[in-house]
Amino acid sequence: MKVLCFGMGQAGGNVLDALIQYEKRTNADFLIDAVAYNTASADLRGLEHVPESNRILFGADEVSGHGVGADNELAAELAERDSRQLLRGTDGTPTSQADAFMIFAGLGGGTGSGAAPVLAKHLKRIYNQPVYGVGILPAADEGGLYSRNAARSLKTFVDVTDHVFAFDNGAWSQSGEDVAQAHDSMNETLVRRLGILLASGEVSDSGTVAESVVDSSEIINTLRGGGISTIGYAASELPTDADDSSGFSIKGLLGKKSSSVDELDSINRITTQTRKAVLGRLTLPCDVDSAARGLVIVSGPPEWLNRKAIERSRTWVEEQTQSMEVRGGDYPVPASNHIGVLVLLGDVARSDRIKEIQSTAIDAQRNGESTHEATEQVVDERLDTLF
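Under the UniProt record's numbering, the sequence shown has 234 at position 234, and the numbering climbs by one with no breaks.
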């Protein structure tokens, strides 16, 4: 799936930077182009992989490149005022080659949460391709103001985009971890999952083609109708010929060729990793049976991609989601030494984490952290209608 990606604000820019690095590292080819926006010039300078020509500072007349702090209303105002400047990020880019646009933004701060929905609105006004958001939710310890911003901006983001991929920092942060290292680790988790999803329909350098191709239409259909999605992923390292310390090949002792794959082993690995992907940590914790649609992608060496196991996995996800709209396919990666299973759950309707953010936002209002009555009313209305 070919995408034109935009990173809005510090968190959004950093995730976009990590996605570019992931694409280079894995020799994938899903990015048409990448553009970063910010109201803080220092954050743009801190990016390593977004081309300098694709780093756009806006709102400079108002905030002089110093950012908006956590004021997402100001960020939205500046983005609307400078909307033509934002849209110039697509100049010179072959937008017709993109299957979709994708906007990354942290929803707890100022620039990302305020300006990302504005950019999405204007992209949808001009282009026919779907516009997806990737919204990063703040952890609980980031404070009531960030939760209030997230509660308001998530609802707005969902309303103006075709779908929002949600990533919950709170579900992935670890106590005692250095803040910078924690963000790098969480960014890597997110871009690995998105990278596998976007690259899954590509033909490998060796020319290997999937038996059941997951192309852009499969992803778009899974995300149709709007809402919020979550992604699960699990992987298992594959055995080598030297399976024990004695130097003897276990496969050889069993009378099998070293290149052969045991069908039962393949089935067990794939179905087990599918269960781990769904029942383990999702990008957004949610009630799995509230998902309207699903997509199962099994990656690994072609000889390990057992069609029977992929179909069993797809059927199991159907049972867990109680949805008849679960697609499945394989993504051959000849050089890989892992079997990986990615599960995309689209349009989830229940998430305790979202409710927690809503509750924290309401408490912040009651404790006086929200200072504008009009703002408080908008927050209340949006919290009531998110799900």
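All residues carry an ideal CB built from backbone N, CA and C; glycine is no exception. Every value quoted in this text rests on a predicted model; they were computed, and no experiment measured them.
What is the DSSP secondary structure of Ser249, counted as helix, strand or coil?
With a pLDDT of only 43 at Ser249, under 50, the local geometry of the prediction cannot be trusted, and the value read off the model is given with reservation. Correct three-state label for Ser249: coil.
Cα-Cα, which of Ile136, Arg125 and Leu119 is closest to Gly108?
When only C-alpha atoms are compared, the closest one is Ile136.
Excluding sequence positions up to five away, which residues of its chain have a Cβ less than 6 Å from the Cβ of residue 390?
Since the first residue shown for the chain is 1 and the last is 387, residue 390 is missing from the structure and cannot be characterised.
Tell me the rounded alpha-carbon separation between Met102 and Asp29.
Looking at the two C-alpha atoms, the distance is approximately 15 Å.
For the structure I just gave you, are there three or more beta carbon pairs, one from the stretch 141-153 and one from the stretch 112-124, closer than 8 Å?
Output reads yes: the stretch 112-124 touches the stretch 141-153.
Could you give the distance in angstroms between the alpha-carbon of Ile267 and the alpha-carbon of Lys155?
When rounded, the distance between both Cα atoms is 40 Å.
In the DSSP assignment, find the unbroken beta strand (DSSP E) run with Asn38 in it and report its ends.
Start and end: Leu31 to Asn38.
Quick check on this structure: which residue in Gly106, Leu305, Phe6 and Ile126 has the alpha carbon closest to the alpha carbon of Ser260?
Closest by alpha carbon: Leu305.
Going straight from the alpha carbon of Ser290 to that of Leu282, what length do you get?
When rounded, the distance between both Cα atoms is 14 Å.
Just list the residues that DSSP pairs Leu295 with in beta bridges.
Answer by DSSP bridge pairing, in chain order: Arg327 and Leu344.
CA-CA distance, Val213 and Leu198?
Near 12 Å, if we compare the C-alpha coordinates of Leu198 and Val213.
Is Val288 near Leu345, with beta carbons less than 8 Å apart?
Yes. Within cutoff.
Enumerate in chain order the residues of its own chain whose CB-to-CB distance from Leu253 is below 7 Å, with the five nearest sequence positions on each side excluded.
Any reading at Leu253 is ruled out, since the residue's pLDDT is 45, under 50, leaving its predicted position unreliable.
Could you check what DSSP says for Glu48 in three-state terms: helix, strand or coil?
Note: Glu48 maps to coil in three-state DSSP.
Tell me Val3's beta-bridge partners as DSSP assigns them.
For Val3, which the question treats as bridged, DSSP gives the partners Leu31 and Ala100.
Just the C-alpha distance for Glu202 and Met1, rounded to the nearest angstrom, thanks.
When rounded, the distance between both Cα atoms is 8 Å.
Can you tell me the Cβ-Cβ gap for Gly59 and Leu78, rounded? I've got them flagged as a contact below 8 Å.
Right, their Cβ atoms sit about 3 Å apart.
Taking the alpha-carbon positions, what's the Val278 to Tyr233 distance?
Those two C-alpha atoms are separated by around 7 Å.
Any chance the stretch 221-240 sits against the stretch 329-349, with 3 or more Cβ pairs inside 8 Å?
The answer is yes - the stretch 329-349 touches the stretch 221-240, with three or more Cβ pairs under 8 Å.
Assess, as a yes-or-no matter, whether the stretch 25-42 is touched by the stretch 122-137 under the definition of 3 or more beta carbon pairs within less than 8 Å.
Touching, no, given that fewer than three Cβ pairs across the two stretches are closer than 8 Å.
Put Ala70 into one of helix, strand or coil per three-state DSSP.
In the structure shown, Ala70 sits in coil (DSSP, three-state: anything other than H, G, I, E or B).
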